[in-house]
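Inspection log for the structure reproduced underneath, given as C-alpha cells.
Residue numbers (my numbering), protein chains in the order written: chain A, 44 to 647; chain U, 85 to 486.
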C-alpha cells in the first residue's frame, strides 16, 4: 500500500524522509517521491522504481520541512508522472487511499481551469487545496476534503509557511512528537528511529505540524485535544538478525510468539482460560446464537479453523465471511451475534468496513489483532491481542499461528463459560497447548528434511494441498503460502472434494501435500491418499511422529511431534511455512516482498 | 573497540544437551552462557559485537537477535566448516580495523574479567590468564622476563599455573599472521599456533592475569557448578509472579511473570524460576536450582541443585537432585534421579569424572511414571521411556525404552 511521511524540524528533511520511506518499504510500492520546502519554494523529486532509484536522482534539496511517499499503484500506471507528490501551484500533496468521486471532482476542477498532468486520483487533492487556499493551509485542506468521497491519509506542503498539514479518513496516519521537530507517517515503524512518542489520528481529523508543536482540528476547524502514546517495541526488532530473510526469522520466532500469545492466559490447574480483555457478560456469552468471523487472506484461513473450534467445542453456530464479500451481502445478524474481525495489522480496510457494517446491526464485536492502537481496535468492544510482535515478511507466519492460538483460547473460553466442555478435557487441551513452543522447536530442529523435499519439488508447476475437517483450513493456508512467495500454482482442497473435480488435474509427479495427522478422519484421509497415488502423484504426507503406517502409502513423510489432536493445525502450519519458504528460496524469489503484494491492505 | 565472540562450536563434551543447541546456549541461572559474556562486554561499553556462529546458529540468532534488547549491536558471521579458532577470527577481518577483543562464547565471565584485560593490555597481542591450582585439561603459558615465551596446550606435568583463558586483545596485524599459520595436526587453524609464531619471531606478547570470574564448563555436569556460582551472585529477589498464601519462600528467589507458586510449596534460595510456571501445590525446591520458562512442577516433588530448562513438566512425587533436565521434557510422576559421587562417565571411549551427579537429560523426551535413572546415566533426545523402567545405561537419541 502507499506510505506517506512528513517532517518539520531543524535537520535536513530529505535524508530523514528517505530513511522513513525505507521503513515503509514492506508495505509494497512501485514508485516513490519527496517534496522539500527550500529557499526557492517547493522542490519535488520523484521516480518510478525503488527508493534506491530515487536516491540516485535526488538533486541537492536544502530544507528542513518536507513530505514523502511510496506509491502502490491503484489508479494510473506506476510511472514517474503518476508518482507522488502532486503539485498544484504553491501546494504539494501525498496521499494513501482511494478517491471514489474522482470523476465528478475532475470534471468540476477541469471546468474551473485546472490542468491535470497525471492519471491519478490524488491530483484532485492538490487542486482542491489550491482552489480553497486563501493563506490558511488548514482551512484549505478541510474545505477541499469535505468535497471528497473515499479514503485518504494525505499530507500537504505549502510554499508560504514552514508547516506540514495532514488529515485522515479510513487510511492509517500517525503523528510523531520529537524535540524541536515533528513527524507524520502511515505507520509507526517509519517514526521509531526518531521518536517513540506518537499520536494516533482518527477519521476526520487534521494535524498541523510546525517544528515547535502540533495542533489537531476536527473538520469544523475546532481544536481537538489528543493523547500522546509511547511505543514500547523498537524498530530494531524489525531487522533480520542474521537470517537471510525476515520470513525465516519470523518462522523461527514462533517458539516465542506462541508462548507470548499464551502468556498468563491459561490456568492448567482449573482448566480455565483467562481472557480479562473479553468484556461480554456470562449471560451474553450463554445467549450467543451465532458467531460471524470476518477476515481476509491468511486471517480468513485462521477464521475457518475458528469455525471448527467454536462449533465443536463451544457449540456456537459459526460462519466465516471474506470481509469484502460480507459488506455487500445481506447479513442475517442480530444482537445475539458476535462478530469476530481478524486482522493482523488492524488496518485492513475491508475488515474495518465490514466491522462497521456489523455494528449497525447491533452485534457484539471482537477483534483478534496483533497491533495495538489501530483503527480496528477502536471500532470493537473486545480485543484479543495476538502479541506476536512486529512481522515484516509480507507472507504471514508467526502472526498466523498466534491467531490460531487466540482462537483456541477464545473457543475454550466460550466453551467453559457455556459449560460445553468439562474441566478434564479443557485441562488436557491446555496442558498440550503449553507444550506447543517446545514442539515447534522440535520441528525447527529438523527443518533440513523439509528443505530437502522442498528443493526436490521446487520445479513443479502445480502443487495440491489436501486436508479434512480442522486440517482443511491449513491445506488452504499451505497453498496460499506457497503460491504467494514461490509463484508455484497451488490449490488447497478438502480431501473429500477431490473426486468432485480436482482429481482430473492430478497427473504423474504432481506433488500433493496430504495433512494426515491423527484425527477422527485419519482413515478417510488415507483413502484419499490412495486415490491420488493411483494417479501417480508424488504424495508428501504430514503425519504424527508415532505414525508408522503412513509410510506404506506415500513417497515422503514429514513428521510432527505428538500433541493433542486439536492442535496439529499449529504444528502442520510451521511445516508448510518451511516448505513454502524453502521452495521460494530454491527458486530465488524475493521472499520478503513478493511481487504485487503488500503487507497490510489498506485499500478496499 | 569491537569484540569478536567465537560461538560456532558444537560442545561435544556437553552431549546430550548440545544435540539440539550449541554449548554457548546452555542455560546457567536461566540465561545462556553467551549472555553473560555479552553483558560483561556491554558493562565495559563494548557495544559493537561480532558473533561467529555455525552449529545450530538459529538458536543463537533467535535469542540475541540484533542485540538491541541487550543494548548492543550484533553482526553475525557464519563459519561453515569448523576449521579452528584462527580461521574463525580471520572471517572477521573485513569488519575490524583496529584493536579488538576475542572471546570464547562458552566461558562464564563477568565485567571485571574484561575490565582487567582492557586496562592492562599492551602491544599487538595480549593474553588474558587466570591462576589455577589444577591446570589439567587447560592450555597454560610460560613467562620469560615478564613476556609470554610459550603456550603449551594441555600439558601433562605441572609446568605453570597460568591458564590461558582464550580471551585476547589483538591489533588488526594478527590477520596477516593468521594467513601464515600452518594447519595443525588435528586439521585446524589454531590461534595459539599463530601467537606462538609471533612469539618465536621475537615480537612482544604480554599477558594480564585477572581475578574476575572465568569458568569453563567442560562437561555437561560442570553446568551445575556454574549455575551455583551464578545464582550465588544474585542480590535482590524480584517477584513478578504470584505466591499463594501458605507458600514459604526463603532467601533469594526470583520468580518470573505469570508464574504461580501454589500453597504449601517451600522454596529455599538461591533459586530462579522463569515465566509462566506452575509450581506446586506442596512442591519443595532447594538451593542452586534454576527452573526455565513455561514449566510445571507438580505436588510433592523435591528438586535440589538442578537445572530445569524451558517447557518441562515434572509429575507428582518426583525427586531430582544434582541433575540437568533439557527443554520440553514430559516426566511422569514418581521420577527419581539417583545421586552418585565421583562417577566415572564414559564418552566416546574416554573416561571422565563427575563429582556429584544425578542425571543429564536432553530435549524432547517423554518419560513415563515411576522411572528411576541410575547415577550418571543419561537420556539423549526424542526418547520415550516406558513406565517403571530403571535406566541403567545411557539412552541414545530417539530410542524407545520398554
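The beta carbon of each residue, even a glycine, is placed where N, CA and C say it ideally should be.
{"Item": "Where residue 424(U) and residue 475(U) are concerned, what is the direct C-alpha to C-alpha distance, given to the nearest angstrom?", "Value": "14 Å"}
{"Item": "Consider the Cβ of residue 616(A): report whether some Cβ of chain U lies at a distance smaller than 9 Å.", "Value": "no"}
{"Item": "Count the CB pairs spanning the segment 144 to 163 of chain A and the segment 212 to 232 of chain A that are closer than 8 Å, and state whether there are at least three.", "Value": "no"}
{"Item": "Three or more C-beta pairs under 8 Å: does that hold for the segment 61 to 80 of chain A against the segment 224 to 233 of chain A?", "Value": "yes"}
{"Item": "Tell me the residue span of the alpha helix (DSSP H) that contains residue 446(A).", "Value": "441 to 460"}
{"Item": "For residue 153(A) and residue 132(A), what's the separation of their Cα atoms in angstroms?", "Value": "15 Å"}
{"Item": "Which residues of chain U have a Cβ atom closer than 9 Å to the Cβ of residue 42(A), listed in chain order?", "Value": "Because residue 42(A) is not part of the residues shown, which for chain A are 44 to 647, the question remains open."}
{"Item": "Taking the continuous alpha helix (DSSP H) assigned at residue 503(A), which residues delimit it?", "Value": "Segment: none, residue 503(A) is in no alpha helix (DSSP H) and carries neither H nor E."}
{"Item": "For chain A, check one thing: does any of its Cβ atoms lie closer than 9 Å to the Cβ of residue 167(U)?", "Value": "no"}
{"Item": "Please classify residue 179(U) as buried or exposed, where buried requires at least 16 other C-beta atoms within 10 Å of its C-beta.", "Value": "exposed"}
{"Item": "Tell me, please, which residues DSSP counts as bridged to residue 360(A).", "Value": "333(A)"}
{"Item": "Closest to residue 111(A) by C-alpha separation, out of 572(A), 312(A), 198(A), 191(A), would be which residue?", "Value": "198(A)"}
{"Item": "Below 9 Å between beta carbons is the criterion; list the residues of the segment 124 to 143 of chain U that meet it against any residue of chain A, in chain order.", "Value": "135, 137, 140, 141, 142, 143"}
{"Item": "Closer than 8 Å between beta carbons: that is the criterion. Which residues of the segment 284 to 297 of chain A meet it against chain U?", "Value": "284, 285, 286, 292, 295, 296"}
{"Item": "Going by DSSP, what residue range makes up the alpha helix (DSSP H) through residue 173(U)?", "Value": "169 to 174"}
{"Item": "Using alpha carbons as the reference points, say which of 387(U), 402(U), 329(U), 323(U) lies closest to residue 452(U).", "Value": "402(U)"}
{"Item": "What did DSSP end up calling residue 129(A) once you bin it into helix, strand or coil?", "Value": "strand"}
{"Item": "Is the CB of residue 191(U) under 9 Å away from at least one CB in chain A?", "Value": "no"}
{"Item": "Among residues of its own chain, excluding the 5 on either side of residue 574(A), which ones have a beta-carbon nearer than 8 Å to its beta-carbon?", "Value": "541, 542, 546"}
{"Item": "Please confirm if residue 160(U) has its CB atom under 9 Å from at least one CB of chain C.", "Value": "The structure shown contains no chain C; its protein chains are A and U."}
{"Item": "Return the Cβ separation of residue 248(U) and residue 207(U) in integer angstroms, given the expectation that the two are a contact with Cβ distance under 8 Å.", "Value": "At roughly 16 Å, the Cβ-Cβ gap does not stay under 8 Å, so residue 248(U) and residue 207(U) are not in contact."}
{"Item": "Would you say residue 478(A) faces chain U, with C-beta separation under 9 Å as the test?", "Value": "yes"}
{"Item": "For residue 197(U) and residue 304(U), which I take to be in contact (beta-carbon distance under 8 Å), what is that distance rounded to the nearest angstrom?", "Value": "Residue 197(U) to residue 304(U), Cβ: 23 Å. No contact."}
{"Item": "Rounded to whole angstroms, what's the CA-CA distance from residue 524(A) to residue 390(A)? Just pull it up for me.", "Value": "21 Å"}
{"Item": "Check residue 151(A) in the structure and name its three-state DSSP category.", "Value": "helix"}
{"Item": "Compute the distance between the beta-carbons of residue 271(A) and residue 205(A), then report whether it is under 9 Å.", "Value": "no"}
{"Item": "Can you say whether residue 220(U) is buried or exposed, counting buried as having 16 or more other CB atoms within 10 angstroms of its CB?", "Value": "exposed"}
{"Item": "So is residue 563(A) buried or exposed if we call it buried at 16+ other beta carbons inside 10 Å?", "Value": "exposed"}
{"Item": "Short of 7 Å Cβ to Cβ, which residues in the segment 104 to 125 of chain U face chain A?", "Value": "104"}
{"Item": "Give the single residue among 246(U), 384(U), 288(U) whose Cα lies nearest to the Cα of residue 212(U).", "Value": "246(U)"}
{"Item": "Measuring straight from C-alpha to C-alpha, what distance separates residue 445(A) and residue 226(U)?", "Value": "58 Å"}
{"Item": "Could you give the DSSP three-state label for residue 300(A): helix, strand or coil?", "Value": "helix"}
{"Item": "When you compare the CB positions of residue 459(A) and residue 469(A), do they come within less than 9 Å of one another, or not?", "Value": "yes"}
{"Item": "Where residue 79(A) and residue 132(U) are concerned, what is the direct C-alpha to C-alpha distance, given to the nearest angstrom?", "Value": "35 Å"}
{"Item": "Among the residues of its own chain, which have a CB less than 7 Å from the CB of residue 162(U), if the five just before and after it don't count?", "Value": "137, 138, 141"}
{"Item": "Residue 31(U) CB to nearest chain A CB: under 9 Å?", "Value": "Nothing about residue 31(U) can be read from this structure; chain U reaches only from 85 to 486."}
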